[in-house]
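Numbers in my numbering are just positions in the sequence shown, counted from 1, shifted up by 69.
Below is one structure, written out as structure tokens; the observations come after it.
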Amino acid sequence: MHPTQVGLWKKELQEQAACLFDAKRGPKPVDQSASPERLYSEIGRLKMELDWLNTHTGH
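Here it is as structure tokens:
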């Protein structure tokens, strides 16, 4: 795994960590940025970045 990818994941986790614990505080208004379509799109984008990094760094 490339250190750059780990750094991207770490940054994203730090930015969204507060959301992980919101469920314990009760219902939250629907957040369109957390829609399944957006999340699948983000996963696809991250996978493409990882694949690109792996092919360009010899891993």
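Note that CB positions come from ideal geometry on N, CA and C, so glycine has one too.
Bear in mind that the values here come from a model prediction, so they are computed numbers and not experimental data.
Start-to-end residues for the alpha helix (DSSP H) that takes in residue i
| i | result |
| --- | --- |
| SER110 | 105–126 |
Backbone CA spacing between residue i and residue j [nearest angstrom]
| i | j | result |
| --- | --- | --- |
| HIS71 | ASN123 | 7 Å |
| ALA86 | GLY76 | 15 Å |
| LYS80 | HIS125 | 22 Å |
| GLU111 | LEU82 | 13 Å |
| ALA103 | LEU115 | 16 Å |
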